[in-house]
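These notes are about the structure you will find just below.
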Amino acid sequence: MIALLDCNNFYASCERVFRPDLIEKPVIVLSNNDGCVIARSDEVKKMGVKMGTPIFKIRDLIVKNNISVFSSNFALYGDISRRIMKILQNTVSDLEIYSIDEAFIDFIYKSDIEYESLNLVCKIMQWTGIPVSVGISTTKTLAKIANHFAKKISINNILFLDSEKIIDFYIKKIDVKDVWGIGYRYSNFLHDKGIFTAYDLIKRNDKWILDNMSINGLKTVYELRGIKCFELQTSELPKKNIRNSRTFSKDTNDYNKIKKAVSSFASKSAEKLRSQQCVASTIFVFINTNKYKSINENLKLNGKVNLKFSTNDTSVIISEALKILDEIYIPGYFYKQAGVIISDFSVVNQNQLGLFEDVSKKIKRDKLMGSLDYINSVMGNESIKLACEEFENGWRINQSNLSPAYTTRWNEILSVNI
DNA sequence: TCTGGGGTCCTAGGACCC
DNA sequence: TCTGGGGTCCTAGGACCC
Numbered sequence: 209m210i211a212l213l214d215c216n217n218f219y220a221s222c223e224r225v226f227r228p229d230l231i232e233k234p235v236i237v238l239s240n241n242d243g244c245v246i247a248r249s250d251e252v253k254k255m256g257v258k259m260g261t262p263i264f265k266i267r268d269l270i271v272k273n274n275i276s277v278f279s280s281n282f283a284l285y286g287d288i289s290r291r292i293m294k295i296l297q298n299t300v301s302d303l304e305i306y307s308i309d310e311a312f313i314d315f316i317y318k319s320d321i322e323y324e325s326l327n328l329v330c331k332i333m334q335w336t337g338i339p340v341s342v343g344i345s346t347t348k349t350l351a352k353i354a355n356h357f358a359k360k361i362s363i364n365n366i367l368f369l370d371s372e373k374i375i376d377f378y379i380k381k382i383d384v385k386d387v388w389g390i391g392y393r394y395s396n397f398l399h400d401k402g403i404f405t406a407y408d409l410i411k412r413n414d415k416w417i418l419d420n421m422s423i424n425g426l427k428t429v430y431e432l433r434g435i436k437c438f439e440l441q442t443s444e445l446p447k448k449n450i451r452n453s454r455t456f457s458k459d460t461n462d463y464n465k466i467k468k469a470v471s472s473f474a475s476k477s478a479e480k481l482r483s484q485q486c487v488a489s490t491i492f493v494f495i496n497t498n499k500y501k502s503i504n505e506n507l508k509l510n511g512k513v514n515l516k517f518s519t520n521d522t523s524v525i526i527s528e529a530l531k532i533l534d535e536i537y538i539p540g541y542f543y544k545q546a547g548v549i550i551s552d553f554s555v556v557n558q559n560q561l562g563l564f565e566d567v568s569k570k571i572k573r574d575k576l577m578g579s580l581d582y583i584n585s586v587m588g589n590e591s592i593k594l595a596c597e598e599f600e601n602g603w604r605i606n607q608s609n610l611s612p613a614y615t616t617r618w619n620e621i622l623s624v625n626i
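FYI, in this note's numbering the residues of the first sequence are 209 to 626.
Given below as structure tokens:
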């Protein structure tokens with residue numbers, strides 16, 4: 209059996225932990241830059257607000273229904289997530305942390321899985337204040353479906369799909385678009401072909417599925433039929449690429465601002481790269497103009513470089529990224545977004561040294577990067593950084609409704625007046 | 001006025017080889 | 001005029017996930 213544990217309306221629930229006055233009141237959390245809705249409490253879902261709705265389209269609704277609006281506070285959500293995963297680590301036998309608010313698990317005691325699940329739900333609520341749901345079945349894809357219905361119809365937020373009869377009942381009820389692995393393109397295609405539920409889909413033959421939805425589509429169908437194709441991934445795999453990008457708070461034609469932003473993205477990418485003990489050999493930089501404005505200005509510019517010597521040195525990655533920026537930048541346009549992606553990793557101590565690489569210099573640079581990471585880890589993020597990264601709020605995002613970092617910053621800790 | 005950010009995997013087609 | 005068969009590697013783009 210595989211269980212999927214999923215936090216209910218995770219970001220909204222995190223905000224409520226420190227604002228219990230908002231329990232059972234409508235809450236939304238916005239994307240970076242306060243652009244669109246990325247989390248909704250149940251009350252807001254009932255009002256018909258969809259995931260990703262731009263905030264300016266629901267201004268009236270917010271006022272009318274007195275919806276509490278929060279800017280996204282990833283320091284807080286990340287910390288609460290770590291606490292929940294820690295509880296799981298100490299409670300279950302196998303754990304795959306699938307996302308910030310989801311984990312696939314297997315239980316130690318398998319004789320009464322529903323009881324185990326209930327214990328877990330209660331413990332997480334008591335220790336962190338976050339409501340969670342558990343769906344259990346024979347494959348990951350079915351556990352996902354179990355979880356989907358656990359949130360909707362189960363009284364205790366737990367649903368166990370074990371017998372074939374019960375599985376059949378639910379896969380006849382679920383729209384293919386809500387099946388894990390079937391996105392909006394495939395679901396439109398399937399609807400056109402007269403396939404509306406997961407049950408309709410599994411009745412199609414394998415060849416048809418393979419031809420139209422490729423191998424992953426077929427795996428999904430097998431999983432729906434109760435045949436395991438996706439195993440529990442219990443150890444964390446290193447990332448294959450690292451991306452840092454932002455939409456600017458205001459479109460900008462100021463080259464220096466973009467340069468500082470790109471430097472800063474490159475630096476953050478390098479830091480993440482070092483934290484997984486890797487070096488990278490490909491650097492990709494992109495800048496985009498505003499896609500919602502006139503066609504003429506809808507530019508997507510990008511470039512990349514393959515380095516001769518793989519590196520995780522911040523200054524090298526920044527200077528290479530800036531060279532690319534220099535090449536792709538076209539003056540006279542207003543840019544909306546920029547980003548840096550690094551890829552083609554190898555593990556630090558397995559990396560072949562270049563024949564013409566200056567080894568003594570490299571050792572010095574490695575030490576320097578080590579010190580930089582150490583100071584930032586002890587003194588707090590961005591305590592020191594390179595001079596080319598931004599210092600003022602040149603391109604920083606809008607966060608006008610940001611809640612305090614209650615659990616990760618001493619000066620923002622909750623105070624209680626008695 | 002105002003539309004997020006960070007990932008993975010697969011496939012078709014082109015370039016190149018003998 | 002007629003133009004094979006078999007392979008590898010790389011890349012862009014498309015699909016999906018949270």
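Using N, Cα and C, we set each Cβ at its ideal position, and we do this for glycine too.
Item, Value
"Identify which residue in F397, I316, F456 and K499 has its Cα closest to the Cα of G547.", "F456"
"For the putative contact between D383 and F404, defined by C-beta atoms under 8 Å, what is the C-beta separation to the nearest angstrom?", "6 Å"
"Kindly indicate which residue of K447, E439, A247 and A283 has the alpha-carbon position closest to the one of T261.", "A247"
"Are L432 and A406 closer than 7 Å when you measure CB to CB?", "yes"
"As an exercise, report each continuous alpha helix (DSSP H) stretch of at least 4 residues that is fully enclosed by the region 368-420, in chain order.", "372-381, 392-400 and 406-410"
"Excluding the 5 residues preceding and the 5 following K254 in the sequence, name in chain order all residues of the same chain whose CB lies nearer than 7 Å to its CB.", "none"
"Tell me the rounded alpha-carbon separation between G343 and V300.", "15 Å"
"Any contact of the region 517-533 with the region 416-436, i.e. 3+ C-beta pairs under 8 Å?", "no"
"Any idea if N281 is buried or exposed, counting beta-carbon neighbours within 10 angstroms, 16 or more meaning buried?", "buried"
"Mind the definition here: the region 296-313 touches the region 212-225 only if three or more C-beta pairs lie below 8 Å; say whether that holds.", "yes"
"Would you give the residue range spanned by the beta strand (DSSP E) that K501 belongs to?", "Element bounds for K501: n/a, residue is neither H nor E."
"Is it true that the CB of P234 sits closer than 7 Å to the CB of N273?", "yes"
"Just list the alpha helix (DSSP H) runs in the region 255-305, keeping only unbroken ones of 4 residues or longer that don't cross its boundaries, in chain order.", "267-273 and 282-297"
"Does the count of Cβ pairs from the region 506-516 and the region 479-497 closer than 8 Å reach three?", "yes"
"If you measure between the beta carbons of N619 and F278, is that distance less than 7 Å?", "no"
"Just confirm the distance between the C-beta atoms of T497 and N506, as a whole number of angstroms; I'd bet it's less than 8 Å.", "6 Å"
"Determine the contact status of L530 and F226, defining contact as a CB-CB distance below 7 Å.", "no"
"According to DSSP, simplified to helix, strand and coil, what is K512?", "strand"
"Confirm, please, whether the CB-CB distance from N461 to F542 is below 7 Å.", "yes"
"Suppose you measure from the CA of R617 to the CA of I305; what does that come to, to the nearest Å?", "25 Å"
"How far does the beta strand (DSSP E) with N452 in it extend, from its first residue to its last?", "N449 to T460"
"What first and last residue would you give for the beta strand (DSSP E) that runs through C215?", "I210 to C215"
"Considering Cα atoms alone, identify which of Q545, S611 and G511 is closest to I658.", "This structure cannot speak to residue 658, because the chain is shown only from 209 to 626."
"May I ask you to report which of helix, strand or coil DSSP gives C437?", "coil"
"Mind checking which residues open and close the beta strand (DSSP E) that includes F312?", "E310 to D314"
"Buried or exposed: which applies to F264, given that a residue is buried once 16 or more other Cβ atoms fall within 10 Å of its Cβ?", "exposed"
"Have a look at the DSSP bridge pairing and note the partners of N496.", "K508 and Q545"
"Could you give the distance in angstroms between the alpha-carbon of V257 and the alpha-carbon of C437?", "35 Å"
"So, are the CB atoms of F564 and C486 less than 7 Å apart?", "no"
"Starting from S341, trace the beta strand (DSSP E) both ways and give me its first and last residue.", "V340 to S345"
"Skipping 5 residues on each side, what residues in its chain have a beta carbon closer than 8 Å to that of I410?", "I379, V429, L432 and R433"
"With the cut-off set at 7 Å, would you say K381 and S395 are in Cβ contact?", "no"
"What span of residues does the alpha helix (DSSP H) with L533 cover, start to end?", "T522 to I536"
"Where does A247 sit, in a helix, a strand or coil, going by DSSP?", "strand"
"Less than 7 Å separating the beta-carbons of A354 and S362?", "no"
"Which residue from E322, W388, E590 and A351 puts its Cα closest to that of N364?", "E322"
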